[in-house]
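Just below is one structure, and these are the notes that go with it.
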Amino acid sequence: MKKLLCLLTLSVLTLAGVAQKVYKLNVPATEKRIYTDHLNLGGSNPTGGTIDFNSFYMNVDNKPFIPILGEIHFSRLPHEYWEEQILKMKSGGINVISTYVFWNIHEEKEGIFDWSGDRDLRHFLELCKKHNLYVLVRIGPFCHGEIRNGGLPDWIYGRPFEVRSNDEGYLFYAKRLYHNIAEQLNGLYYKDGGTIIGIQLENELQHSAAPWAISYPGQEKEMTVANYDADITKIGVSVQDKKTSYAQLGSEHLATLKKMAQEEGMVVPLYTVTGWGMSAILENETIPVGAAYPYPFWEQPSKSDFFLFKDVQIHPDYAPVRYDGEKYPSYCAEMGAGTQIIYERRPNVLPEAAEALMVRTLGSGANGIGYYMYHGGLNPQTSDGIFYSDEPMGIPKISYDYQAPIGEYGKVFDSYYLLRLIHLFTENFGNQLAPMGLILPETNKEITPDDRETLRYSVRSNGEAGFVFMNNFQDHDDRQDQKVNGLSIQLSKELIQFPAFTLKKDESVILPFNMTVNAAKLKYATVQPLSIEKIGGKKHYFFFALDGFTPEFVFDKSTIKKISGKKREKQGEIHVYPVVGLTGSFSLTDSDGEEIVITTLTRKQALGYNQLNNTICITDAVLMDYDEKIQLQSRSNSFSITLPSDIKPDFAKYNVTSKKEGLFKTYKIEVPLVDVPCNYHKVSEQRYTFDMDDKEFTENLSDIILDIDYTGDVAFAFIDGKMINDHFYYGKSWQIGLKSYADQLSDKGLYFYFKPMKSDASFLIDLDKDKIPDFSNGPVCEVKSMKLIPEYKIDFTLK
Numbered sequence: 004m005k006k007l008l009c010l011l012t013l014s015v016l017t018l019a020g021v022a023q024k025v026y027k028l029n030v031p032a033t034e035k036r037i038y039t040d041h042l043n044l045g046g047s048n049p050t051g052g053t054i055d056f057n058s059f060y061m062n063v064d065n066k067p068f069i070p071i072l073g074e075i076h077f078s079r080l081p082h083e084y085w086e087e088q089i090l091k092m093k094s095g096g097i098n099v100i101s102t103y104v105f106w107n108i109h110e111e112k113e114g115i116f117d118w119s120g121d122r123d124l125r126h127f128l129e130l131c132k133k134h135n136l137y138v139l140v141r142i143g144p145f146c147h148g149e150i151r152n153g154g155l156p157d158w159i160y161g162r163p164f165e166v167r168s169n170d171e172g173y174l175f176y177a178k179r180l181y182h183n184i185a186e187q188l189n190g191l192y193y194k195d196g197g198t199i200i201g202i203q204l205e206n207e208l209q210h211s212a213a214p215w216a217i218s219y220p221g222q223e224k225e226m227t228v229a230n231y232d233a234d235i236t237k238i239g240v241s242v243q244d245k246k247t248s249y250a251q252l253g254s255e256h257l258a259t260l261k262k263m264a265q266e267e268g269m270v271v272p273l274y275t276v277t278g279w280g281m282s283a284i285l286e287n288e289t290i291p292v293g294a295a296y297p298y299p300f301w302e303q304p305s306k307s308d309f310f311l312f313k314d315v316q317i318h319p320d321y322a323p324v325r326y327d328g329e330k331y332p333s334y335c336a337e338m339g340a341g342t343q344i345i346y347e348r349r350p351n352v353l354p355e356a357a358e359a360l361m362v363r364t365l366g367s368g369a370n371g372i373g374y375y376m377y378h379g380g381l382n383p384q385t386s387d388g389i390f391y392s393d394e395p396m397g398i399p400k401i402s403y404d405y406q407a408p409i410g411e412y413g414k415v416f417d418s419y420y421l422l423r424l425i426h427l428f429t430e431n432f433g434n435q436l437a438p439m440g441l442i443l444p445e446t447n448k449e450i451t452p453d454d455r456e457t458l459r460y461s462v463r464s465n466g467e468a469g470f471v472f473m474n475n476f477q478d479h480d481d482r483q484d485q486k487v488n489g490l491s492i493q494l495s496k497e498l499i500q501f502p503a504f505t506l507k508k509d510e511s512v513i514l515p516f517n518m519t520v521n522a523a524k525l526k527y528a529t530v531q532p533l534s535i536e537k538i539g540g541k542k543h544y545f546f547f548a549l550d551g552f553t554p555e556f557v558f559d560k561s562t563i564k565k566i567s568g569k570k571r572e573k574q575g576e577i578h579v580y581p582v583v584g585l586t587g588s589f590s591l592t593d594s595d596g597e598e599i600v601i602t603t604l605t606r607k608q609a610l611g612y613n614q615l616n617n618t619i620c621i622t623d624a625v626l627m628d629y630d631e632k633i634q635l636q637s638r639s640n641s642f643s644i645t646l647p648s649d650i651k652p653d654f655a656k657y658n659v660t661s662k663k664e665g666l667f668k669t670y671k672i673e674v675p676l677v678d679v680p681c682n683y684h685k686v687s688e689q690r691y692t693f694d695m696d697d698k699e700f701t702e703n704l705s706d707i708i709l710d711i712d713y714t715g716d717v718a719f720a721f722i723d724g725k726m727i728n729d730h731f732y733y734g735k736s737w738q739i740g741l742k743s744y745a746d747q748l749s750d751k752g753l754y755f756y757f758k759p760m761k762s763d764a765s766f767l768i769d770l771d772k773d774k775i776p777d778f779s780n781g782p783v784c785e786v787k788s789m790k791l792i793p794e795y796k797i798d799f800t801l802k
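Quick note on my numbering: the sequence shown kicks off at 4 and runs consecutively.
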């Protein structure tokens, strides 16, 4: 097999004064060149299951698999809510949980390890296993994660050795850490029938570090690195333009850490290291993983190139790197679907950026994606009341919301639903996508972030079938709709011609061509693939309609025996024009005589699509499948649940109305509206008190959200003098989930302190213009309102 080559023919037509473009891409018949048997990775479990890797993708049980990793830090969340949050991640399409083990949180005092309560790593992993989620454990010793000293204990600072090195003094403590971590992981590895499939060694070795917390105001930051790495150390993920004479020492340290981990029993199919920005790597023994942060808090705001298609396997983001990309699958472990804010910089991540970033990355040849963070959290405190946050970097003392798809109190945001569209695609069609090589337009390399005219697209194909990826999003920019008169894919034996469409501003799209639908061949579709399910004994394909595209399916007539719906035949093709929505399903009988059903959902319906173990559920609420029951959570007291008609739900105590919609049935449930009074009192311009009776938490409520709309600099929340959260204003209201504090609210209440914003604040460059106040009367501190938002819940079962 030879590398894929590509040619692009581009012509421009001018119609009614509007530039419309016709794009044509040649796809060669040769498949992607893939190397095997060179990686010392992989493994099996007691039931005969296998995991293995080649140079391009991962196999699970000999089937291509695209891992979707979601970062969540168990020690930054109350353990009482771990299961609920794990299930939200699973419903969001995460199939691998990724988590840091912060050394200083578990060995705060030298020689005394604490694995209890919110530090109970084993319990967290057992919950992941209970719900059939793979796990990758990031064991450090250095983690970063915007935690104090990057996870290194304070007491390490005073030791006479070099950290993050093969210094024997450091290795003594690192080995003891690994031993204690291994005791928590024992019996939960994939090889034992568990779900731990991966270990990350160290983090950003010879690239980045955290400042030591032991410092003085005005002092230059002293970083958590060996002295020989001090001059190449970065703060944050970035391009490294310096070379080091000590690269071999980094590789040797990683080799030592892997050997130590395996000696402690941490034997898994997958070992990873961070590979960006000239980080140290371990050739053929680990997979170097990538990152992309379009809204970094450690750099000035600017248009990034992370929304431009390229070959990320050969040319990783934040290159140069120390490895040959052709030898390893492109796994992007830290995709910035959100970002942390610091005191000086407060970027606001748009939800559309998350979807566009993933479409671009998959469409650039990646076969694994992971999010940092997927779930936000709250930084704990030491037994002495010291904050574990990376205070020298200006990180909030407690809040680690990260603008993640799931926030610090478990509340889901728009990016959660947008990303699920991508995760459903990879879950159901990833086995087809993963082996497909990348074909880029010739002019793609000439596109800059400022280009609003040229279509950003790529194709992944095996020479016969494939997918087209497009996006029209750019950070820090106001895009425009792109009118495309046609898009043609020239294969060796045929030409696929997509009709004219408009790619709306900020939209991202995936279109199939020559996709197998059982024995039928779908020549192309102008709707996006979503999932495959078995419903009523028949295979059921779900797609969703795209704004700016006329929905159409085009089948090869020779592969179809019978087909329903509005259609026409033309030159050996059957064009089907679906009715969009639940009532518009159509069926076909393929050349093998099997009947298949196809439903084209609206985009809104697709955003509410949940794929369960044995069925599907469409709802605008957040769904958690506990096996014995399903729970929905919503800020509306009215729930809509759509299920296949052959599924019989048991709603027990609720009053239900239902409506038949094609092959589906939609149920409506209303629970009693709860009006929770918001009792807050203004003490002064900057100080407020709040109280609430814990009896307000009725059985129909999963939480009560306190929404604080204010303009200012920094805000703090206290209970009985102890800080429970802090917030840096960045143009959005501050929301606090109160259920974690319910037992304290009645007796102690909440106290808030707000600091005024000044006209010379450095973070003003990050705020939308309408969020910058009038400073004509001096610094601004205004609490506009406080309100309580009930979050309702219902439980039901499926028969």
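All C-beta atoms in this analysis are idealised placements derived from N, C-alpha and C, irrespective of residue type, glycine included.
On the DSSP bridge assignment, give the partners of K685 in chain order. Y691
Whole-angstrom C-beta distance between I499 and F516, which should lie under 8 Å: 5 Å
Rounded to whole angstroms, what is the Cα-Cα separation between Q483 and A216? 46 Å
Taking CB distances under 8 Å as the criterion, tell me whether E267 reaches chain B. Absence of chain B from the displayed structure is noted, only one protein chain being present.
Top-ranked residue by Cα proximity to P793, from K725, I739, V271, N62: Of the listed residues, the one whose Cα sits closest to P793 is I739.
Let's test the definition: count the other Cβ atoms within 10 Å of the Cβ of N780 and tell me whether it reaches 16, buried, or not, exposed. exposed
Using a Cβ-Cβ cutoff of less than 6 Å, which residues in the same chain neighbour Y181 once the five nearest sequence positions on both sides are dropped? M263, A264, E267
Can you name the residues that DSSP bridges to S788? D712
What does a CB cutoff of less than 6 Å around N431 pick up in its chain, not counting 5 residues either side in sequence? S534, I535
Taking contact to mean at least 3 C-beta pairs separated by less than 8 Å, is the region 233-242 in contact with the region 295-302? Touching, yes, given that three or more Cβ pairs across the two stretches are closer than 8 Å.
Which two residues bound the contiguous alpha helix (DSSP H) that contains S94? 85-94
Which of helix, strand or coil does DSSP assign to T12? For T12, the predicted model reports a pLDDT of 36, less than 50, meaning its position is unreliable; a value from the coordinates is still stated below. Correct three-state label for T12: strand.
Between I768 and G190, what straight-line distance do the alpha-carbon atoms span, to the nearest angstrom? 51 Å
Using only the heavy atoms of the ligand ADP, determine whether one of them is closer than 7 Å to the beta carbon of E572. This structure simply doesn't include the ligand ADP, nor any ligand for that matter.
Nearest-angstrom Cα distance between E785 and D480? 30 Å
Straight-line Cα distance separating P782 from K774: 14 Å
Using the C-alpha atoms, what's the distance from L525 back to D404? 43 Å
Beta-carbon separation of V166 and L155 under 8 Å? yes
What residues in its chain sit with their C-beta under 8 Å from that of M789, if we drop five residues either side in the sequence? C681, Y683, Y691, F693, L709, D710, I711, D712
Please return the same chain residues whose Cβ sits closer than 8 Å to the Cβ of C146, not counting the five positions on each side in sequence. Y103, V104, F105, W106, G153, G154, N206
Inter-residue Cα distance where the pair is E236 and Y460: Position check: residue 236 holds Thr in this sequence, whereas Glu was assumed. Near 35 Å, if we compare the C-alpha coordinates of Y460 and T236.
Would you call K261 buried or exposed, if buried means 16 or more other Cβ atoms sit within 10 Å of its Cβ? buried
Counting along the chain, where does the alpha helix (DSSP H) carrying P354 start and finish? 354-365
Whole angstroms is fine: what's the gap from T586's alpha carbon to K569's? 13 Å
Can the beta-carbon of L646 be found closer than 8 Å to that of F667? yes
Quick one, are the C-beta atoms of L422 and M361 less than 8 Å apart? yes
Indicate the three-state DSSP secondary structure (helix, strand or coil) for P144 in the structure shown. coil
Below 8 Å, how does it come out for the region 130-147 and the region 115-122: are there three or more Cβ pairs, yes or no? In this structure the region 130-147 does not touch the region 115-122; the number of beta carbon pairs closer than 8 Å is below three.
Starting from R459, trace the beta strand (DSSP E) both ways and give me its first and last residue. For R459, the uninterrupted beta strand (DSSP E) run begins and ends at 459-464, by DSSP.
Same chain, Cβ closer than 7 Å to E225, five either side skipped, listed in chain order: Result list for E225: P214, W215, S218, in chain order.
Let's see if you can read the secondary structure: which residues bound the alpha helix (DSSP H) around N431? 417-436
What residues in its chain sit with their C-beta under 6 Å from that of T660, if we drop five residues either side in the sequence? K671
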